[in-house]
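Novice: Here it is, the structure in full.
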Amino acid sequence: MGSAATSLPPSGKLTQEDLKRVAAHTGSAAASPPPSGKLSQEDLKRVAAHRAVEFVEPGMALGLGTGSTAAHALDRLGDLLRAGALPGVAGVPTSLKTELHAARVGIPLLTLGGDGGPARIHISIDGADEVDPDLNLVKGRGGSLLREKMIEGAGERFVVIVDESKLVPRLGCTGAVPVEVIPFGAPHTLGLIRKVFDGLPGFHARLRTVKKDAEEDTPFVTDNGNYIVEMFFEDGIHGDLADISDQLLRITGVVEHGMFLGMATTVIVANKDGTITVMDKKK
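With the working numbering as the guide, the letters of the sequence shown map in order to residues 9 to 291.
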């Protein structure tokens, strides 16, 4: 995995003035570090997002990611568009939430394929829930994995933005690996997913639910009208990820899963000390 540590200011660390500039771009008053001088997780997300936007050039069609880290990239793109620095840039949103956010900050929107869609997506920028040493990802804990995978898989370059807490030795170490399934027969599909990992110590899977007001738990519904199965692993996923992917996708009723294997071309990591590490996919 090719890695190159790059830093924003010459010192390799963010100064107080750098953080003030970050706040000015986003309208956030929370960019200044606490008295200890440590950066918050939101500061780190913002730094990584701003670094990713540096790859964007005038006239590009972008894949616009979903989530708290990608939101900082949307804000930065909106700032630059309003300043006239990125003429002709437009984006394809990966969720309804992103579509609303992009419209609010002034990013022109495109659709994937069809009339009015871009001939190609030059760069997609998105966050990730986990990144392993081979730049494989877990994404979609927010429920947008299908559109994310469609759009980011269609692009020429996929730039992932994370803080260092997202780096893991194996996928599935820190939380759920989501699987999008159709609502019809969802309990049956859940049972088939469990069979893929039958006998694996510490594995369990469940249907994601939400509670609305005082009502009973109801299934979480994606933008596509589907449900999400959450898979949990005691010590992450061991074994051939490509084979596990194939087994899941062969299950009738499974639409897609949240393992993004071999898709990321660049991962930008914001470190706790304010430095940036850029990791590029092996060629």
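C-beta atoms are modelled at their ideal positions from N, C-alpha and C, and glycine is treated no differently. The model shown is predicted, which means the values in this text are computed figures rather than measured ones.
#1: Given Thr197, which residues of its chain have a CB within under 6 Å of its CB, disregarding the five upstream and five downstream residues?
#2: Would you mind sorting Thr273 into buried or exposed? The rule is 16 or more other CB atoms within 10 Å of its CB.
#3: Please classify Val30: does DSSP put it in a helix, a strand, or coil?
#4: Could you pull out every residue in the same chain whose Cβ sits closer than 8 Å to the Cβ of Pro209, ignoring the five residues on either side in sequence?
#5: Give me the Cβ distance between Val176 and His265, rounded to the nearest whole Å; I'm assuming they're in contact under 8 Å.
#6: Rounded to the nearest angstrom, what separates Val167 and Asp137 at their Cα positions?
#7: Within 10 Å of its beta-carbon, does Gly121 have 16 or more other beta-carbons around it, so buried, or fewer, so exposed?
#8: Look at the alpha carbon of Ile201 and the alpha carbon of Leu215, and state the distance between them as a whole number of angstroms.
#9: Going by beta carbon distance, what residues of the same chain come within less than 6 Å of Leu52, once the five residues before and after it are set aside?
#10: Measure the alpha-carbon distance for Gly161 versus Met271 and round it to whole angstroms.
#11: Helix, strand or coil for Thr285 per DSSP?
#12: Hey, would you say Thr74 sits closer than 8 Å to Glu156, going by beta carbons?
#13: Classify Gly244 as helix, strand or coil using the three-state DSSP reduction.
#14: Could you tell me whether the Cβ atoms of Leu154 and Asn232 are closer together than 8 Å?
#15: Exposed or buried, Leu257, counting other C-beta atoms within 10 Å across all chains shown (16 or more means buried)?
#16: Rounded to the nearest angstrom, what separates Arg128 and Glu224 at their Cα positions?
#17: What residues in its chain sit with their C-beta under 7 Å from that of Ala110, if we drop five residues either side in the sequence?
#18: Between Lys291, Leu143, Phe228 and Ile236, which lies nearest to Lys219 when the distance is taken from Cα to Cα?
#19: What residue from Ile133, Arg112 and Thr182 has the CA that sits closest to Val61's CA?
#20: Anyone know if the C-beta pair for Leu70 and Ile169 falls short of 8 Å?
#21: Would you kindly work out how many angstroms separate the C-alpha atoms of Phe211 and Lys203, rounded to a whole number?
#22: At the level of alpha carbons, what is the spacing between His246 and Glu50?
Specialist: Looking at the coordinates:
#1: Taking the sequence shown and counting its residues from 1, one reaches residue 197 at position 189. Closer than 6 Å at the Cβ level, and outside the excluded window around Thr197, lie Val189 and Gly261.
#2: Along the sequence shown, one-based indexing puts residue 273 at 265. So Thr273 counts as buried.
#3: Residue numbering aside, residue 30 sits at position 22 when the sequence shown is read from its first letter. Low confidence applies to Val30: its pLDDT is 36, below 50, so where it sits in the model is not reliable, and the reading given next is rough at best. It is helical.
#4: Position 201 of the sequence shown, counting from 1, holds the residue named residue 209. Result list for Pro209: Glu242, in chain order.
#5: Counting from 1 along the sequence shown, the entry for residue 176 is found at position 168. Counting from 1 along the sequence shown, the entry for residue 265 is found at position 257. The Cβ separation is near 17 Å, so there is no contact.
#6: The sequence position of residue 167 within the sequence shown is 159, counting from 1. The sequence position of residue 137 within the sequence shown is 129, counting from 1. Between Val167 and Asp137, the C-alpha separation is close to 14 Å.
#7: Start at 1 with the first residue of the sequence shown, and residue 121 comes out as number 113. Gly121 is exposed by the Cβ-count criterion.
#8: As a working mapping, residue 201 is identified with position 193 in the sequence shown. As a working mapping, residue 215 is identified with position 207 in the sequence shown. Spanning the two alpha carbons is a distance of roughly 11 Å.
#9: Along the sequence shown, read from residue 1 onward, the residue named residue 52 stands at position 44. Closer than 6 Å at Cβ, skipping near neighbours: Asp171 and Ala278.
#10: In the sequence shown, the residue the question calls residue 161 occupies position 153. In the sequence shown, the residue the question calls residue 271 occupies position 263. Straight-line Cα distance between these residues: approximately 7 Å.
#11: The residue you call residue 285 lines up with position 277 of the sequence shown. Reduced to three states, the DSSP call for Thr285 is strand.
#12: The residue given as residue 74 occupies position 66 in the sequence shown. The residue given as residue 156 occupies position 148 in the sequence shown. Yes, Cβ-Cβ distance for Thr74 and Glu156 is below 8 Å.
#13: Position 236 of the sequence shown, counted from the first residue, corresponds to residue 244. Strand, per DSSP.
#14: Stepping through the sequence shown from its first residue, residue 154 is reached at position 146. Stepping through the sequence shown from its first residue, residue 232 is reached at position 224. Their beta carbons are under 8 Å apart, which means Leu154 touches Asn232 by this criterion.
#15: Counting from 1 along the sequence shown, the entry for residue 257 is found at position 249. Under this definition Leu257 is an exposed residue.
#16: Numbered from 1 along the sequence shown, position 120 holds the residue referred to as residue 128. Numbered from 1 along the sequence shown, position 216 holds the residue referred to as residue 224. If I take the Cα positions, the gap works out to 44 Å.
#17: Within the sequence shown, residue 110 is the residue found at index 102, counting from 1. If we look at Ala110 and ignore the five residues flanking it on each side, its Cβ neighbours are Leu72, Leu82, Gly99, Pro101 and Leu117.
#18: Taking the first residue of the sequence shown as 1, we reach residue 219 at position 211. When only C-alpha atoms are compared, the closest one is Phe228.
#19: As a working note, residue 61 is residue 53 in the sequence shown. Taking only the C-alpha atoms, the option nearest Val61 is Ile133.
#20: As a first step, residue 70 is located in the sequence shown; it is residue number 62 there, counting from the start. As a first step, residue 169 is located in the sequence shown; it is residue number 161 there, counting from the start. Not closer than 8 Å, so no.
#21: As a working note, residue 211 is residue 203 in the sequence shown. As a working note, residue 203 is residue 195 in the sequence shown. Taking the straight line joining both Cα atoms gives about 11 Å.
#22: Locating residue 246 in the sequence shown gives position 238, where the first residue counts as 1. Locating residue 50 in the sequence shown gives position 42, where the first residue counts as 1. Roughly 31 Å separates the two Cα atoms.
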